[in-house]
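Residue 516 is where the sequence shown ends in this note's numbering, and the numbering goes up by one at each step. Note that CB positions come from ideal geometry on N, CA and C, so glycine has one too. Fair warning: this is a prediction, and the values are worked out from it, not measured in the lab.
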Amino acid sequence: MPVVFPDRFNMADYFLDHNIEKGKGGKIAVYCAEASYTYSDVQGMANKFGNALKSLGVRIEDRVLIVLPDSIEFVAVWFGTAKIGAVITMANTILPTSDYDYYLEYTRARVAVVHSTVLDRFAAAAKRSKHLTAAVIVGPIEGEPRAGFVSYENLTADASDQLDCAETSRDDPAIWLFTSGSTGHPKAAVHLQHDLPYNTECYAKQVLRINEDDITLSVPKLFFGYATGTNLLFPFAVGGATALFPERSTAEAMFEMIERFKPTILTSVPTMINAMLQVEGAGTRDLSSLRACLSAGEALPPELYHKWMDAFGVEILDGIGSAEMFHIYISNYPGEVMPGSLGRVVPGYEAMIVDAEGREAATGEMGTLKIKGDSAALCYWGAHEKSKAAFAGDWCTTGDQFRVDERGYFWYRGRTDEMLKVGGVFVSPTEIENCLLEHPAVNECAVVGAADDRGLVKPKAFVVVAEGFTADAELERELKEFVKTRLAPYKYPRWIEYRDELPKSDRGKMDRRLLREERPDEKD
């Protein structure tokens, strides 16, 4: 059955208010470090903030920039903004001032909601903004109040806790989700009121099978659309609960949070899955509350999947989503995981692999993934040509290289702009990385292209060596031979550079851009 939403529609009613209407107001919706909040609590706080925004002159379709750690205030601000029909935009709390300059200018936000720990980096950008009328500060503010800055606590203290959702339509703008920005500043994918609920109906309810008994916990933070979905919107859509913590996600912190909150669904990324496995005594930690672990952001190597299953016995549902489509549209299904693959198409979506000429590729052939579904963004804001290239008709061109097998499982081969052409043949860095990870000496690795002394591109591997192994020339020769005997010989890394750690983006992905800027330190 197709998913259809009424013409008059506001996503805050779909995700939040319906729980109170169905008699779940007294059910816990949010767990934080020392407190918990019911759906009625969240609604009251969201209503107060929505009314506070209106008092600041924020209207339907005005942008509001949220720069907050995971907290009850983030939840209240998110839903308060949605309820009045303003457009949600979100940014990380660890960015430098120059990035906040960019976000304020790009979004033209009328109001920003910022945590006090960010204030020193944010204040200069706020002062330079030509569009910002007020900055709302969450948390204690030291020193004298600054012009244009207002305390969240003071602003909401006398605001009414009654607020009806704005009379928005299903096709009104609701939220901007930012791309990862791997080739420069991130661009915003503009999503409508029905987009996020559509994916919730298709992925969260039909694949993840989320229900009111689920408690979610996430490695990525709520500003990232992946976590916005799995750790806030999906549980709220079914009357479940989320567990939030503001601190940085580390392997030890994740074990502690799982043992404290007893979540049933863990949202993670391959980097954290690997880090948790490296913790001493990891196999003795209590993950018995989990019924599923989710992975996205980058493909999960099959070796990691098997090690995780051996240690914890909890299925990892690897999948792929994007800011352009809001969330996951290809996924492994519970009980049907194919390690190394990203699973099958989510109900409500269509997928197609095309060759360089745009023709549909044969089964098993590699090509560019195109995806179709009603959660697709309207456009990239302020990027007309890029929008035309990505959103052509009903199809969104992802820029990801895949092949699909005869069973309908999709196998990731890397980003189009990361593919290497070695000896005239395209080579997937992901394939080489997965091969290297099968060697017991390799803890982490990343493969990029580098030019040899003739200017020809060849694979180069950056390797973090596992404990108990020595990063020396002998291991380098061993690793090269290891790849040669398992893949086509031309795919082996011509150079191997050892690192103590590999660069990661603020979304937990491997940041190959930084590695690609470096040149090899030896020639083959």
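Beta-carbon contacts of residue i that lie in its chain and below 8 Å, excluding the five residues immediately before and after
i      : result
Leu309 : Val199, Leu200, Ala284, Cys285, Leu286, Ser287, Ser323, Asn324, Tyr325, Pro326, Val329, Gly335
Ser172 : Pro178, Ala315, Ser497, Arg499, Lys501
Same chain, Cβ closer than 6 Å to residue i, neighbours up to 5 away in sequence not counted
i      : result
Asp9   : none
Phe247 : Arg277
Asn223 : Thr208, Ser210, Thr234, Thr259
Gly72  : Ala38, Phe41, Gly42
Thr99  : Arg55, Leu57, Thr81
Asp386 : Lys364
Gly441 : Leu412, Val449
Glu342 : Lys364
Phe430 : What sits at residue 430 in the sequence shown is Glu, not Phe. Excluding residues within five positions, the ones whose Cβ falls inside 6 Å are Glu295.
Ala68  : Met37, Ala38, Phe41
Val475 : Cys427, Tyr484
Leu506 : Pro495
Ala425 : Residue identity check: residue 425 is Glu in the sequence provided, not Ala. So the list reads Cys437, Val439, once near-sequence residues are dropped.
Option nearest residue i by Cα separation, candidates the options
i       : options                         : result
Ala139  : Ala126, Ala463, Asp93           : Ala126
Thr389  : Ala368, Trp70, Val396           : Ala368
Arg0    : Cys157, Lys119, Ala443, Thr477  : Cys157
Ile257  : Thr242, Ser280, Arg240, Glu272  : Ser280
Gln35   : His177, Lys452, Glu65           : Glu65
Asp366  : Asp187, Gly17, Phe474           : Asp187
Ile433  : Leu45, Arg469, Asp444, Leu412   : Position check: residue 433 holds Ala in this sequence, whereas Ile was assumed. Nearest C-alpha to Ala433: Arg469.
Pro331  : Gly340, Leu296, Thr192          : Leu296
Leu169  : Ala83, Lys122, Phe71, Phe228    : Ala83
Tyr6    : Tyr190, Gly131, His177, Pro132  : Tyr190
Ala180  : Lys16, Gly374, Ala196           : Gly374
Val230  : Tyr195, Glu251, Leu214          : Tyr195
Asp164  : Phe141, Ser241, Gly77, Asn203   : Gly77
Arg162  : Pro(-2), Ile424, Leu471, Lys452 : Pro(-2)
Ala27   : Asp205, Arg252, Asn203          : Arg252
Val(-4) : Thr408, Gly289, Ala382, Gly340  : Gly340
Ala245  : Ala382, Lys197, Met268, Phe228  : Met268
Phe304  : Gly275, Leu292, Glu430, Pro293  : Gly275
Tyr490  : Trp300, Leu471, Val475, Asp503  : Leu471
Glu290  : Asp397, Glu473, Ser379, Ser333  : Ser333
Asp205  : Ser143, Leu282, Val67           : Leu282
Gly519  : Tyr372, Ile488, Ala382          : Here the chain comprises residues numbered -7 to 516, so residue 519 is not present and cannot be evaluated.
Arg504  : Met301, Lys452, Lys476, Leu467  : Lys452
Asn435  : Ile424, Asp445, Glu459          : Glu459
Integer-rounded CB distance, given that residue j should sit under 8 Å from residue i
i      : j      : result
Val439 : Pro485 : 6 Å
Phe318 : Asp62  : Phe318 to Asp62, Cβ: 19 Å. No contact.
Val182 : Leu370 : 5 Å
Phe454 : Leu412 : 14 Å between Cβ atoms; not a contact.
Arg478 : Cys427 : 5 Å
Val142 : Val105 : The pair is not a contact, with the Cβ atoms about 10 Å apart (cut-off 8 Å).
Ile250 : Pro227 : Contact flag wrong, Cβ pair sits at about 16 Å.
Thr355 : Asp302 : The Cβ separation is near 32 Å, so there is no contact.
Same chain, Cβ closer than 7 Å to residue i, five either side skipped, listed in chain order
i      : result
Gly406 : Gln393, Ser420, Pro421, Thr422
Val346 : Glu352, Ala353, Gly359, Thr360, Lys362
Ala159 : With the sequence shown as reference, residue 159 is identified as Glu, and Ala is not the correct amino acid for it. Closer than 7 Å at the Cβ level, and outside the excluded window around Glu159, lie Arg0.
Leu225 : Phe7, Leu188, Thr192
Met3   : Ala74, Ala166, Gln185, Leu188, Pro189
Ile320 : Tyr195, Ala288, Gly311, Ile312, Gly313, Val338
Ala443 : Val449
Ser32  : Ile12, Gly17, Gly18
Ala463 : Val457, Tyr490
(request) Would you mind listing the beta strand (DSSP E) stretches within the stretch 214 to 264 that are 3+ residues and don't spill past its ends, in chain order? (result) 233 to 235, 257 to 260
(request) Take every Cβ of the stretch 260 to 267, pair it with every Cβ of the stretch 105 to 113, and state whether three or more of those distances are shorter than 8 Å. (result) no
(message) Is it the case that the stretch 19 to 31 contacts the stretch 44 to 56, given that we only count it when at least three CB pairs across the two stretches are under 8 Å?
(response) no
(request) Check whether the stretch 146 to 163 touches the stretch 39 to 47, counting contact only when three or more Cβ pairs, one atom from each stretch, lie closer than 8 Å. (result) yes
(message) Under 8 Å, with one C-beta from each stretch per pair, do the stretch 113 to 120 and the stretch 86 to 94 reach the 3-pair mark?
(response) yes
(message) Within 8 Å, do at least three Cβ pairs link the stretch 392 to 403 to the stretch 477 to 494?
(response) Cβ pair count under 8 Å is below three, so no.
(message) Please give the ranges of any beta strand (DSSP E) in the stretch 155 to 215, keeping only runs that are unbroken, at least 3 residues long and fully inside the region.
(response) Taken in chain order, the whole beta strand (DSSP E) runs of length 3 or more contained in the stretch 155 to 215 are 165 to 170, 180 to 184, 207 to 210.
(request) Report the residue ranges of all beta strand (DSSP E) runs contained in full by the stretch 381 to 432; include only those spanning at least 3 residues, in chain order. (result) 387 to 396, 402 to 407, 412 to 414, 417 to 419
(message) As an exercise, report each continuous beta strand (DSSP E) stretch of at least 3 residues that is fully enclosed by the stretch 322 to 372, in chain order.
(response) Runs of the beta strand (DSSP E) inside the stretch 322 to 372: 342 to 346, 359 to 364.
(message) To test your reading of the DSSP string, which unbroken beta strand (DSSP E) runs of 3 or more residues are found completely within the stretch 106 to 141?
(response) 126 to 130
(request) Output the residue ranges of the beta strand (DSSP E) runs that lie fully inside the stretch 4 to 71 and measure 3 residues or longer, sorted by chain position. (result) 20 to 23, 28 to 30, 55 to 59
(request) Report the residue ranges of all beta strand (DSSP E) runs contained in full by the stretch 434 to 458; include only those spanning at least 3 residues, in chain order. (result) List check, beta strand (DSSP E) in window: 434 to 443, 449 to 457.
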